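Going by the UniProt record's numbering, the sequence shown opens with residue 1, and the numbers climb by one from there.
The beta-carbon is built from N, C-alpha and C at its ideal position, and this holds for glycine as well.
Remember, it's a predicted structure, so these values are computed and weren't measured experimentally.
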Amino acid sequence: MLFIALGVTSNYFLCPALFTISNHLGLSQNVAGVTLLAFGNGSPDIFSSAAGLQKASAELAIASLVGAGMFVTSVVAGSVFFTQSFTLMIRPFLRDIGFYIIAISWTFALFATGTSYLYHGIGFVALYFVYIIVVLGSRFIYVKVQKQKEKENNEENKKKEEDEKKEKQNEIPEKPPLNTDGIGDKIMYDNDPEATAVVLKAFYFGGFEWVDGGRRLSKAHIRLDERRRSMPRNSIFSIEHSTPSNFGSCQSIQNKEASSTEKLNPVLDEDGGEFWDFLVKVCPVNTKKWQYLQWWKRLIVIFKSPAILIMRLTVPVLDTSADDLNWNRFLICTQCITGPLFVGLVSEYAFYLIGDVFPVFVIIVAASMCCAAVVYITSERYVPPTYHWLFAYLGFAVAVTWIYCLANEIVALLQVFGVIFNLSDAILGLTILAWGNSLSDFLSNIAVARKEFPRMAISACFGGPLLALLLGLGIPCIIEIIKGRAPPAFPLMFSSQFAFLFVSIIIGLLMTASLMIIWKFHTKRAYGIFLISLYVIFMTLSVLTELKVFSLPV
Numbered sequence: 001m002l003f004i005a006l007g008v009t010s011n012y013f014l015c016p017a018l019f020t021i022s023n024h025l026g027l028s029q030n031v032a033g034v035t036l037l038a039f040g041n042g043s044p045d046i047f048s049s050a051a052g053l054q055k056a057s058a059e060l061a062i063a064s065l066v067g068a069g070m071f072v073t074s075v076v077a078g079s080v081f082f083t084q085s086f087t088l089m090i091r092p093f094l095r096d097i098g099f100y101i102i103a104i105s106w107t108f109a110l111f112a113t114g115t116s117y118l119y120h121g122i123g124f125v126a127l128y129f130v131y132i133i134v135v136l137g138s139r140f141i142y143v144k145v146q147k148q149k150e151k152e153n154n155e156e157n158k159k160k161e162e163d164e165k166k167e168k169q170n171e172i173p174e175k176p177p178l179n180t181d182g183i184g185d186k187i188m189y190d191n192d193p194e195a196t197a198v199v200l201k202a203f204y205f206g207g208f209e210w211v212d213g214g215r216r217l218s219k220a221h222i223r224l225d226e227r228r229r230s231m232p233r234n235s236i237f238s239i240e241h242s243t244p245s246n247f248g249s250c251q252s253i254q255n256k257e258a259s260s261t262e263k264l265n266p267v268l269d270e271d272g273g274e275f276w277d278f279l280v281k282v283c284p285v286n287t288k289k290w291q292y293l294q295w296w297k298r299l300i301v302i303f304k305s306p307a308i309l310i311m312r313l314t315v316p317v318l319d320t321s322a323d324d325l326n327w328n329r330f331l332i333c334t335q336c337i338t339g340p341l342f343v344g345l346v347s348e349y350a351f352y353l354i355g356d357v358f359p360v361f362v363i364i365v366a367a368s369m370c371c372a373a374v375v376y377i378t379s380e381r382y383v384p385p386t387y388h389w390l391f392a393y394l395g396f397a398v399a400v401t402w403i404y405c406l407a408n409e410i411v412a413l414l415q416v417f418g419v420i421f422n423l424s425d426a427i428l429g430l431t432i433l434a435w436g437n438s439l440s441d442f443l444s445n446i447a448v449a450r451k452e453f454p455r456m457a458i459s460a461c462f463g464g465p466l467l468a469l470l471l472g473l474g475i476p477c478i479i480e481i482i483k484g485r486a487p488p489a490f491p492l493m494f495s496s497q498f499a500f501l502f503v504s505i506i507i508g509l510l511m512t513a514s515l516m517i518i519w520k521f522h523t524k525r526a527y528g529i530f531l532i533s534l535y536v537i538f539m540t541l542s543v544l545t546e547l548k549v550f551s552l553p554v
């Protein structure tokens, strides 16, 4: 349940908040994809790593990051390869897998030395920024070259048309010219291997509900600052691991024209009052769609419902594709109180005493209630106020706090589990924690591949783990050392389990890169089966080693 709650919070609440923030800040799709949205999609791994380092379990944190990378680059990538044969995008593929091999090798070197310093954490973050520069630079160069080619082609075609026109003007009546305005841009972006796809997996999987067959993949390139005026008002966008993950293609996930019964929440025919609207908004189950769901989807909805209900009561969510921006005055007023109060209680600032007499808790409650009253007075029931975008920042803060709490609880339970069953942090990190954090990646990438966008999915299989590793190691390490919770020389315990993990993932990455080059970047379905088999062998040997059935030769 904790993993479900972690995924729900990250996908359904944090990512939409970051999407709205990036839209409000006017960030381009490329910049947003490798910064805010990358952080949102990798938040479970990043905060799990932070929780592990905070609890003095660097082995658990790093094993989960590298173990998740092993799972995604073998099982998930193998499953994508198995769905169909296709041609990889050369530059994004080589870029992502190259940077990932560098990051894995650097991590292995740190473990071999047994210590990690502050500058190592800074180095991981610096490598992340180098990656951003490479991505944006390659994108800029590609667009410039494509525009130049398009300009030359247009001039050449125009010259040919003029020559043909002179030859045939006396032979046949002239046909009206074909309107080609904008076609060049669309073609360029449709085949743009350097474009960033920004897709929210939360909304892709139905967000707060399951939408069977209601969504399709579209090849339309829509910039962040153009979405609200270029997209249908009742379409829902999503942002899936679009970290660099999806740099290889420029696709958006967009639903078909929805009827009133296919909106985020069921729309009632009669007005039941503002409080009834509030109840409809917080209800985690779409009652009108429930009867059409398959039994296994009903089970998933049931498991997700508690987390969604709690999150909806505390985390504001703006849907820029909806007519009302997902506005509900009563719910927003409630979140103005519950959100800050939750953050204060979790951070423990609410328990501080001012002058050893006055509790901060009272100030938070009073300020929150005043804010809620102001919102209620200055807004209307059906029309969102002009300051509605501010709640995206509140939603970001509350969602991050929730993810931090859930990640801490997961790590604490895993440590207890390890003590009870005498399991090492390494095996717990590369199995339970890695699988839990990678489940959403598996589902989203396979779904995208089955929608005939395998190149987009395979990009996510290498770009996603790359950013999770760089940010998951860099940011928490810097924070822990600066706060003084970790010594300047952070100790790392090297073991044969870690050596086997690093060797296995490096071999898998090098083999994938080499074979793709040999095959001229044409994938083979049989290689997908091989990758999955490789992971099964790796996990079998790791578990047998943990059970001391035999020792690894490394």
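In the DSSP assignment, find the unbroken alpha helix (DSSP H) run with residue i in it and report its ends.
i	result
residue 555	Only positions 1 to 554 of the chain appear in the structure, and residue 555 is not among them; the question remains open.
residue 58	58-71
residue 276	274-282
residue 44	43-54
residue 311	295-314
residue 400	390-421
residue 426	425-428
residue 497	496-518
residue 335	329-347
residue 441	434-450
residue 464	454-483
residue 96	90-113
residue 376	360-378
residue 289	287-290
residue 16	15-24
residue 551	Unbroken run through residue 551: none, as it is neither H nor E.
residue 79	77-83
Let's test the definition: count the other Cβ atoms within 10 Å of the Cβ of residue i and tell me whether it reaches 16, buried, or not, exposed.
i	result
residue 119	exposed
residue 404	buried
residue 550	exposed
residue 160	exposed
residue 251	Low local confidence applies: a pLDDT of 37 at residue 251 is under 50, so the model's placement there is unreliable, with the coordinate-based value given in what follows. Classification for residue 251: buried.
residue 173	Annotation note: pLDDT 49 at residue 173 (below 50); position unreliable, coordinate value reported separately. Exposed, by the Cβ-count rule.
residue 455	buried
residue 292	exposed
residue 232	Its pLDDT being 39, under 50, residue 232 is placed unreliably in this model, and the coordinates cannot settle the point.
residue 162	exposed
residue 453	buried
residue 137	exposed
residue 333	buried
residue 97	buried
Which same chain residues end up closer than 8 Å to residue i when comparing Cβ atoms and leaving out the 5 residues on each side of it in sequence?
i	result
residue 114	491, 492, 493, 494
residue 85	522, 523, 524, 525
residue 545	496, 497, 500, 551, 552
residue 353	359, 360
Give the single residue among the options whose Cα lies nearest to the Cα of residue i.
i	options	result
residue 285	353, 519, 305, 46	305
residue 317	421, 277, 282	282
residue 50	42, 41, 61	61
residue 464	154, 34, 165, 79	34
residue 476	414, 408, 541, 496	408
residue 517	91, 394, 42, 391	91
residue 480	20, 57, 81	57
residue 347	153, 361, 19	361
residue 460	444, 370, 471	444
residue 531	70, 467, 418, 7	70
residue 109	506, 539, 542, 511	506
residue 79	89, 420, 540, 533	533
residue 121	98, 106, 112, 131	106
Taking residue i and residue j to be in contact with their CB atoms under 8 Å, please state how far apart those CB atoms are, rounded to whole angstroms.
i	j	result
residue 400	residue 14	7 Å
residue 366	residue 20	Residue 366 to residue 20, Cβ: 28 Å. No contact.
residue 425	residue 418	6 Å
residue 39	residue 471	7 Å
residue 555	residue 397	Past the boundaries of the shown model lies residue 555; the chain is included only from 1 to 554, so the question cannot be answered.
residue 384	residue 327	4 Å
residue 474	residue 125	4 Å
residue 68	residue 438	5 Å
Among residues of its own chain, excluding the 5 on either side of residue i, which ones have a beta-carbon nearer than 7 Å to its beta-carbon?
i	result
residue 4	303, 304, 307
residue 47	403, 404, 407
residue 43	10, 14, 403
residue 449	80, 83, 457
residue 555	One cannot answer for residue 555 here, as it falls past the ends of the chain, which runs 1 to 554.
I'd like the list of long-range same chain contacts for residue i, defined as Cβ closer than 6 Å, with 5 residues on each side in sequence excluded.
i	result
residue 53	61, 476, 480
residue 298	none
residue 536	none
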